[in-house]
């Protein structure tokens, strides 16, 4: 529990250091917080995620391991503006599925579903798997209804890859 005992107030030296700190929180602290605090566990963890995100802001996106970037940490902290700022610093972000997903999620929480349709459309094309994961995370009733309708009516393979056509089906 080094991360809780000695919160990072400086920058992470590299992606490995961030990976270790993030792993401690995600694998040990987060499940415990959810057991103890229930739905309030996320609020309790937000300052911890915020501290990690600040310490990771200087690290570039590592395409092989996208969870070692500040943007998903800002998302976990619930800071949508900081998430957008972190994503905005990623070169070619509109062609990188994790960055596109992070931006869509942050904008969704600020502006709603209608505002993020262009990003969802791009994400569907680039990574149907990431779109599927994002739809599940957003817990938007309209989006879930559209997804169920699409799944029931679309004449495809019945795989996640069918989601390439989700925006057109909507």
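Numbering (our numbering), first residue to last: 4 to 173.
The beta-carbon is built from N, C-alpha and C at its ideal position, and this holds for glycine as well.
Because the structure is a prediction, the values reported are computed rather than measured.
Run the CB neighbour count on residue i, radius 10 Å, all protein chains shown included, and call it buried at 16 or more, exposed below.
{"i": "residue 164", "result": "exposed"}
{"i": "residue 101", "result": "buried"}
{"i": "residue 18", "result": "buried"}
{"i": "residue 121", "result": "exposed"}
{"i": "residue 104", "result": "buried"}
{"i": "residue 23", "result": "exposed"}
{"i": "residue 148", "result": "exposed"}
{"i": "residue 85", "result": "buried"}
Tell me which same chain residues have a C-beta within less than 6 Å of the C-beta of residue i, skipping the five on either side of it?
{"i": "residue 4", "result": "With a pLDDT of 49 at residue 4, under the threshold of 50, the modelled position of this residue cannot be trusted; read the value that follows with caution. So the list is empty, once near-sequence residues are dropped."}
{"i": "residue 129", "result": "100"}
{"i": "residue 15", "result": "21, 58 and 59"}
{"i": "residue 93", "result": "64 and 102"}
If I measure Cβ to Cβ from residue i and keep anything under 7 Å in the same chain, skipping five residues before and after, which residues do I get?
{"i": "residue 80", "result": "49, 52, 53 and 56"}
If you measure between the beta carbons of residue i and residue j, is that distance less than 8 Å?
{"i": "residue 127", "j": "residue 78", "result": "no"}
{"i": "residue 166", "j": "residue 145", "result": "no"}
{"i": "residue 44", "j": "residue 36", "result": "yes"}
{"i": "residue 161", "j": "residue 168", "result": "no"}
{"i": "residue 138", "j": "residue 156", "result": "no"}
{"i": "residue 112", "j": "residue 83", "result": "yes"}
For residue i and chain B, any beta-carbon pair shorter than 8 Å?
{"i": "residue 29", "result": "Included in the structure is just one protein chain, with no chain B present."}
Tell me, to the nearest whole angstrom, how far the beta carbon of residue i is from that of residue j; I am working on the premise that it is less than 8 Å.
{"i": "residue 124", "j": "residue 75", "result": "Not really, about 22 Å apart at Cβ, beyond 8 Å."}
{"i": "residue 107", "j": "residue 119", "result": "5 Å"}
Ordered along the chain, which non-local residues of its own chain (more than five positions away) have a Cβ less than 8 Å from that of residue i?
{"i": "residue 133", "result": "100, 101, 103, 104 and 126"}
{"i": "residue 97", "result": "103 and 125"}
**Asked** Quick one: complete alpha helix (DSSP H) runs, 4+ long, within the region 18-97?
**Response** 18-27, 33-40, 44-59, 73-80 and 83-91
**Message:** What ranges does the beta strand (DSSP E) occupy inside the region 104-169, keeping only unbroken runs of at least 3 residues that lie completely in it?
**Reply:** The region 104-169 contains no complete beta strand (DSSP E) run of 3 or more residues.
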